[in-house]
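Novice: Below are the structure tokens for one structure; questions will follow.
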Amino acid sequence: MNIDKILEDNKLIIRLDGRLDTNTAPKLEEELKKDLPNITELVLDFEDLKYISSAGLRVILSTQKIMNKQGNLAIENVNDFVMEVFEATGFVNILTIKE
Amino acid sequence: MKKITIPAKIENLPQAIDFINQQLKPFEPISQAQLQLELAVEEVYVNIAKYAYEPGEGKVFISCEIDENPLQATVQFTDSGIPYNPIDNKAPDMKSREKEVGGLGIFLIKKNVDDISYQYQDGKNILTIRKKLGTNIQ
Chain A
1 MNIDKILEDN KLIIRLDGRL DTNTAPKLEE ELKKDLPNIT ELVLDFEDLK
51 YISSAGLRVI LSTQKIMNKQ GNLAIENVND FVMEVFEATG FVNILTIKE
Chain B
1 MKKITIPAKI ENLPQAIDFI NQQLKPFEPI SQAQLQLELA VEEVYVNIAK
51 YAYEPGEGKV FISCEIDENP LQATVQFTDS GIPYNPIDNK APDMKSREKE
101 VGGLGIFLIK KNVDDISYQY QDGKNILTIR KKLGTNIQ
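Shown next as structure tokens:
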């Protein structure tokens, strides 16, 4: 999985390319740990994210909890498979997912 | 039926996924269904890799059988670790806002396969998942 970041003041856009799975989720978690302090607006762009598993969901959930305290998190350009996983697990109800 | 035996370690997850996908490739499954199977395979595999031999190490044996017309994959995972029946695991409460993420993997396995069965035999955990997959072949 490739992680691309664009930082503009307190806004951070993270583009993920590939698979957010058991092996790659820790990499995202580590990046977020470094970058999230001072961020009030976080965007996760999933346009090139092909696949997600429960390990990826856990990182998203913990990120959502952090952003609930310090700003907001939006997830954009979710593909059909990832959307299906968000729907099946009820994550659609706790995340802000934009078209 | 094809089979592989690999050390049950998280870093070997791509080998497990690649093994299944290689068996499926000639049958050109619909990508959505293939991703659903990959998800179930990952969740089963990772469960074994993380917990079956804790705190030691061991191996996992994976077999894959493909049926055509209609296209269907049967994947069996065998380990000699701690007896554990994942089917008994209760689904997490999906309505709860503070999500209980522990059971999420098991929930996703059940959600993405057509059949799941577990048996403990001769000191081995044997978990079998079966999934129907559409095909792009006309």
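Residue numbers (this note's numbering), protein chains in the order written: chain A, 1 to 99; chain B, 1 to 138.
Idealized CB from N, CA, C, for every residue including glycine.
None of these values were measured; they are calculated from a predicted model.
(1) Output the boundary residues of the beta strand (DSSP E) element that contains N72(A).
(2) On the three-state DSSP scale, how would you describe G105(B)?
(3) Using beta carbons (cut-off 7 Å, strictly below), is K111(B) in contact with chain A?
(4) Alpha carbon to alpha carbon, how far is D114(B) from K99(B)? Give it in angstroms, no decimals.
(5) Closer than 7 Å, Cβ to any Cβ of chain B: which residues of the stretch 22-46 of chain A, in chain order?
(6) Starting from the N-terminal side, write out each stretch of the alpha helix (DSSP H) that is 4 residues or longer and does not extend beyond the stretch 5-56 of chain A.
(7) Could you list which residues in chain B have their beta carbon closer than 8 Å to that of T63(A), in chain order?
(8) Please report how far the alpha carbon of F27(B) lies from the alpha carbon of I137(B), in whole angstroms.
(9) For a cutoff of 7 Å on Cβ pairs, would you count E100(B) as touching chain A?
(10) Comparing the C-beta of E57(B) with each C-beta of chain A, is any distance below 7 Å?
(11) What is the rounded straight-line gap between the Cα of I30(B) and the Cα of L37(B)?
(12) Out of curiosity, what's the CA-to-CA distance linking N38(A) and N68(A)?
(13) Show which residues of chain A have a CB atom less than 7 Å away from the CB atom of Q32(B).
(14) Nearest by alpha-carbon distance to Q76(B): which of E65(B), Y51(B), P70(B) and E43(B) is it?
(15) Please report how far the alpha carbon of K75(A) lies from the alpha carbon of K110(B), in whole angstroms.
(16) For L32(A), which residues in the same chain have their Cβ closer than 7 Å to its Cβ, ignoring the five residues on either side in sequence?
Specialist: In short, the structure shows the following:
(1) N72 to E76
(2) helix
(3) yes
(4) Note that K99(B) has pLDDT 42, beneath the 50 cutoff, so the model's placement of it is unreliable and no number is given.
(5) T22 and N23
(6) 25-35
(7) Within 8 Å Cβ-Cβ: nothing; T63(A) doesn't reach chain B, min ~13 Å.
(8) 7 Å
(9) Residue placement at E100(B) is poorly supported in this model, since its pLDDT is 47, which falls under 50; the coordinates are not used for a value here.
(10) no
(11) 11 Å
(12) 13 Å
(13) D80 and F81
(14) E65(B)
(15) Note that residue 75(A) corresponds to Ile in the displayed sequence, not to Lys. About 26 Å.
(16) T63
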